[in-house]
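Asks:
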Amino acid sequence: MTSTPLPVEQAFAQISRNTSDIVTEAGLRQVLELSQKESRPLRVKFGIDPTFTHVHIGHAVPIRLLHIFQQLGHLPVLIIGDGTARLGDPTGRNDQRPPLSKEEVAHNSATYLEQIGKILDLSSDVCEVRYNSEWFAGMDFFDCLRLASRGTAARLLERDDFKKRMSDNLPVHLHEMLYPLMQGWDSVQVESDIEIGGNDQLFNLHMGRLLQEREGQSAQVCLTTPLLLGTDGRKMSKTYGNHVPLLAPANDMFGKVMSLSDEQMSDWFRLLTPLTDSEIQSILEGHPREAKGRLASEVVSWLHDASSAEAAADSFKRQFGEKKLPDEIPECKLESGLALANLLKEAGLVGSTSDARRMIQQGAVKVNGEQASDPNEAIPLGETPTLLQVGKRRFSNAIGV
RNA sequence: GGGGAGAUUCCGGAGUGGCCAAACGGGACGGACUGUAAAUCCGUUGGCUCCGCCUUCGGAGGUUCGAAUCCUCCUCUCCCCA
Numbered sequence: 005m006t007s008t009p010l011p012v013e014q015a016f017a018q019i020s021r022n023t024s025d026i027v028t029e030a031g032l033r034q035v036l037e038l039s040q041k042e043s044r045p046l047r048v049k050f051g052i053d054p055t056f057t058h059v060h061i062g063h064a065v066p067i068r069l070l071h072i073f074q075q076l077g078h079l080p081v082l083i084i085g086d087g088t089a090r091l092g093d094p095t096g097r098n099d100q101r102p103p104l105s106k107e108e109v110a111h112n113s114a115t116y117l118e119q120i121g122k123i124l125d126l127s128s129d130v131c132e133v134r135y136n137s138e139w140f141a142g143m144d145f146f147d148c149l150r151l152a153s154r155g156t157a158a159r160l161l162e163r164d165d166f167k168k169r170m171s172d173n174l175p176v177h178l179h180e181m182l183y184p185l186m187q188g189w190d191s192v193q194v195e196s197d198i199e200i201g202g203n204d205q206l207f208n209l210h211m212g213r214l215l216q217e218r219e220g221q222s223a224q225v226c227l228t229t230p231l232l233l234g235t236d237g238r239k240m241s242k243t244y245g246n247h248v249p250l251l252a253p254a255n256d257m258f259g260k261v262m263s264l265s266d267e268q269m270s271d272w273f274r275l276l277t278p279l280t281d282s283e284i285q286s287i288l289e290g291h292p293r294e295a296k297g298r299l300a301s302e303v304v305s306w307l308h309d310a311s312s313a314e315a316a317a318d319s320f321k322r323q324f325g326e327k328k329l330p331d332e333i334p335e336c337k338l339e340s341g342l343a344l345a346n347l348l349k350e351a352g353l354v355g356s357t358s359d360a361r362r363m364i365q366q367g368a369v370k371v372n373g374e375q376a377s378d379p380n381e382a383i384p385l386g387e388t389p390t391l392l393q394v395g396k397r398r399f400s401n402a403i404g405v
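Once you know that position 288 of the first sequence is 292 in this note's numbering, the rest is easy, because the numbers rise by one and skip nothing.
Take a look at the structure:
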């Protein structure tokens with residue numbers, strides 16, 4: 005993955021295109037120059053807490069920046085926060101995170117690496133993966149006190165979410181205040197030259213600088229990436245259902261990107277594809293549907309591969325553009341003569357017979373292409389598959405047993 | 001140590017004896033339309049042997065013809081004062 009180093013200014017431009025804050029720009033130029041002069045790869049830290057299992061495409065933005073560094077010949081240092089996860093990052097939250105069990109943390113860590121591996125080359129010669137329990141697990145109470153003595157209450161209370169909670173009379177727990185210090189301590193431990201984080205991480209990133217200086221290291225450069233909004237333009241979040249999971253199958257991922265609202269396209273192009281600004285510009289001047297199709301193809305070929313992207317684009321066009329059947333319809337073997345509502349449930353197309361009845365009532369159900377209206381109709385099944393369809397996206401070929 | 005608030009259907013959050021399978025918002029799903037799984041509009045959103053029946057409102061009991069709503073105990077959350 006290592007390539008010949010780019011001139012500093014070129015690298016700088018490529019990096020800054022994908023960041024929202026750079027602390028400091030001069031510092032960034034300086035480490036890039038130093039790295040080139042000493043031909044030493046920069047240690048670029050990125051920490052994630054394994055607090056949940058599904059990584060989505062919004063999380064991919066900083067990881068993609070990490071990958072850009074990797075391609076420039078630098079060394080990503082991935083910190084799996086199995087220590088900090090036990091505490092939980094209070095950033096942006098107005099309540100405490102529930103503490104996670106050891107088992108949950110271990111499970112989440114494993115799924116994280118799988119997902120991140122889609123974006124970043126995790127081979128040990130081009131990437132360093134560290135678990136921060138490595139240094140936190142062995143600290144005793146006096147070590148904690150020593151760490152705590154590095155920060156001041158006033159400084160920690162500058163944080164927005166702490167400040168807000170204090171003024172709203174919501175609790176701010178002592179251990180939460182230690183979180184930024186822990187993240188900063190990670191930087192000291194891995195001697196990072198640069199740390200990347202989402203743009204809500206700036207405060208925590210700064211702690212790394214502070215602690216590194218106290219320990220006699222040079223302060224890391226902090227880079228934050230812009231926030232990628234969800235498909236509907238709101239903050240990307242699972243509860244809004246507006247995210248794209250990194251592990252989504254190609255067809256699904258393609259469709260999800262196609263459901264992006266038009267206004268989001270330009271950001272998504274910039275933050276998720278390698279296209280240049282002028283290329284993006286000209287794509288956006290064309291038809292929005294074509295542009296979105298291009299975006300979807302780019303994203304799918306990035307996270308899957310080019311041929312899946314092509315296949316996904318084809319089947320999307322066929323299924324939704326021309327309203328034809330998808331190319332693969334799952335089969336199920338069922339008893340012949342069941343009432344339609346029960347048949348749909350057995351085929352797994354609906355969650356319950358009540359649900360089936362509702363769908364039929366709403367005109368969503370087709371049997372062999374014919375709209376069905378009677379939930380009690382007995383459906384004979386034979387060796388020739390009977391095509392069951394619920395809505396535009398649920399299909400099954402039923403065969404009698 | 002003292003005082004107070006609360007646990008509701010996927011989520012948030014109404015409801016404080018019958019009109020409650022439970023408002024409203026979010027999410028999800030369906031239909032129409034289209035430029036697409038955009039946008040917009042309309043509708044659905046506990047289960048079943050479905051014009052009727054069954055099980056839900058933290059857990060266990062109790063009062064009542066009738067309880068998400070009242071009482072008792074339990075579990076768990078949260079706030080304020082000290």
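Glycine included, C-beta positions come from ideal geometry on N, C-alpha and C.
1. Going by DSSP, name the residue or residues bridged to ASN401.
2. Pick from HIS71, HIS78, VAL81 and GLU108: whose alpha carbon is nearest that of ALA89?
3. Would GLY290 and GLN268 be called neighbours here (beta carbons separated by less than 8 Å)?
4. Taking the DSSP output, what are the residues bridged to HIS60?
5. Can you name, in chain order, every residue of its own chain whose Cβ lies under 7 Å from the Cβ of VAL81, other than the five neighbours on each side?
6. Just to confirm before moving on: does the CB-CB distance between PRO45 and ASN112 stay below 8 Å?
7. Considering only DSSP beta bridges, list what CYS226 is partnered with.
8. Going by Cα to Cα distance, which pick from LEU276, ASP266, LYS296 and ASN255 is closest to SER311?
9. Going by DSSP in three states, THR219 sits in which element: helix, strand or coil?
10. At the level of alpha carbons, what is the spacing between ARG101 and LEU299?
11. Could you round the C-beta distance between HIS247 and GLY62 to whole angstroms and report it? I think they count as a contact, below 8 Å.
12. Would the segment 368 to 381 and the segment 344 to 355 be scored as touching if the rule is three or more Cβ pairs under 8 Å?
13. State the Cα-Cα distance for the pair GLY3 and VAL405, rounded to the nearest angstrom.
14. Once you ignore the five residues that flank VAL27 on each side, which residues in its own chain have a CB closer than 6 Å to its CB?
15. May I ask you to verify whether the segment 329 to 343 touches the segment 385 to 395, counting CB pairs closer than 8 Å and requiring at least 3?
16. Cutting at 7 Å between CB atoms, please list the residues of its own chain near GLN119, excluding the five before and the five after it.
17. So, for PRO292: in the same chain, excluding its five sequence neighbours on each side, which residues have a beta-carbon less than 8 Å away from its beta-carbon?
18. With a threshold of 7 Å on Cβ separation, who are the neighbours of GLY31 within its own chain once the five nearest residues in sequence on each side are excluded?
19. Between which residues of its own chain and ARG97 is the CB-CB distance below 6 Å, once the five residues before and five after are set aside?
20. I need the DSSP call for ARG47, collapsed to helix, strand or coil.
Replies: In short, the structure shows the following:
1. Looking at the DSSP assignment, ASN401 forms a beta bridge with GLU335 and LEU391.
2. The option with the nearest alpha carbon to ALA89 is GLU108.
3. For GLY290 and GLN268, no; Cβs fall outside 8 Å.
4. DSSP lists PRO249 as partners of HIS60.
5. Excluding sequence positions up to five before and after VAL81, its CB lies within less than 7 Å of the CB of ARG47, VAL48, LYS49, GLU132, ARG134, VAL194 and SER196, all in the same chain and listed in chain order.
6. If you check the CB distance, PRO45 and ASN112 do not come in under 8 Å.
7. Looking at the DSSP output, CYS226 shares a beta bridge with VAL27 and GLU199.
8. Among LEU276, ASP266, LYS296 and ASN255, the Cα nearest to that of SER311 is on ASN255.
9. Here residue 219 turns out to be Glu, not Thr, going by the sequence shown. Three-state result, GLU219: coil.
10. Per-residue confidence for ARG101 stands at a pLDDT of 49, beneath the threshold of 50, marking its modelled position as unreliable; the derived number appears in the next sentence. A direct Cα-Cα distance of roughly 35 Å separates ARG101 from LEU299.
11. Your pair HIS247 and GLY62 checks out as a contact, with CB atoms roughly 6 Å apart and the cut at 8 Å.
12. Between the segment 368 to 381 and the segment 344 to 355 there are three or more inter-stretch CB-CB distances shorter than 8 Å, so the stretches are counted as touching.
13. Within the shown structure, residues of the chain are numbered from 5 to 405, placing residue 3 beyond reach of any answer.
14. The answer, listed in chain order, is CYS226.
15. In this structure the segment 329 to 343 touches the segment 385 to 395; the number of beta carbon pairs closer than 8 Å is three or more.
16. Result list for GLN119: VAL59, LEU250 and LEU251, in chain order.
17. Excluding positions up to five away in sequence, the list reads ASP266 and MET269.
18. Around GLY31: VAL225.
19. Note that ARG97 scores 47 on pLDDT, short of 50, meaning its location in the model is unreliable and no value can be drawn from it.
20. DSSP places ARG47 in strand when its eight states are reduced to three.
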